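A.B. asks: Chains as they are written, first to last, in my numbering: chain A, 61 to 170; chain B, 61 to 170.
Idealized CB from N, CA, C, for every residue including glycine.
Predicted model only: the values in this text are computed from it and were never measured.
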DNA sequence: TGCATATATGTCATATTTGACATAGCTTTG
DNA sequence: CAAAGCTATGTCAAATATGACATATATGCA
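And the structure:
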């Protein structure tokens, strides 16, 4: 791609990069989402094992039932920080967190 | 503690709980901070190994040099989300992240 | 020394995340 | 069936995190 076209695309709001960069970005994003989902599953599993309702978890975390539901579903509006704090708040150990992240499932193409 | 005193304390802005709850909270907070610092060290080590400046990392992450400095110092204003994205952005593997979290150092009392 | 490069720290407007709320669907149990 | 409890989803004002910037300090090098 020549620099003129690159400039035009960027002026139009596009990021221009190599195919390798594009693939790397996807990889990074996928890895990030996988970790988030791993923590979401970890939280859900731990909650069920402890026989807690989402409302009870909300109390322990200092949050609300609706947000706990979002945490467990990996909602985009939930940060990894919040997920981590929730897992720890219901008694999850750091080791459990590490195990969850280590065993995270790969996302498959749609 | 009787409920009257509890009510007075809470009215004054204090959280009232058991000693066990207090200790648990400290444990959770410590675990959380330890993980954050582990990622901060991971980012720094990886950056040095790759011979990148903080400014270069900022470009790769889409952030700024000052924020990268804050990331590496475990500044309270930096989220774990951002630290994770930074590590991945400079080529850190999910496995490296897991290793960093697994080998996190314990915080010792001041 | 002067100059370039790298890192640290404080501030701030803006962007994102948050708890709270309303509400709907779903089960269970009486 | 009705009531009660649990979970999902959308919304929003307030709280927090963010990139950008200015600037200080430090180090190396000509």
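For residue 98 of chain A, I'd like the list of residues in its chain whose CB is within less than 6 Å of its CB, leaving aside the five on either flank, ordered along the chain.
C.D. replies: Here the set comprises 160, 161, 164.
A.B. asks: Run through DSSP, which three-state label would residue 138 of chain B get?
C.D. replies: Residue 138 of chain B falls in the coil class under three-state DSSP.
A.B. asks: Count the other CB atoms within 10 Å of the CB of residue 21 of chain A; is the residue buried (16 or more) or exposed (fewer)?
C.D. replies: For chain A, the structure presents residues 61 to 170; residue 21 of chain A sits outside this window and is missing.
A.B. asks: Using the Cβ count rule (16 or more neighbours within 10 Å means buried), how would you classify residue 146 of chain B?
C.D. replies: Label assigned to residue 146 of chain B: buried.
A.B. asks: What first and last residue would you give for the alpha helix (DSSP H) that runs through residue 107 of chain A?
C.D. replies: Here the alpha helix (DSSP H) through residue 107 of chain A covers 79 to 109.
A.B. asks: Flag this pair as yes or no: are the beta carbons of residue 156 of chain B and residue 88 of chain A separated by less than 8 Å?
C.D. replies: Not closer than 8 Å, so no.
A.B. asks: Report all residues from its chain with a CB closer than 7 Å to the CB of residue 107 of chain B; omit the five preceding and five following residues, and keep chain order.
C.D. replies: These residues qualify, in order along the chain: 117, 150.
A.B. asks: Along the chain, where does the alpha helix (DSSP H) containing residue 161 of chain A start, and where does it finish?
C.D. replies: From DSSP, the alpha helix (DSSP H) with residue 161 of chain A extends over 154 to 162.
A.B. asks: Taking 8 Å as the cut-off, decide whether the C-beta atoms of residue 95 of chain A and residue 83 of chain B are in contact.
C.D. replies: The answer is no: Cβ separation not under 8 Å.
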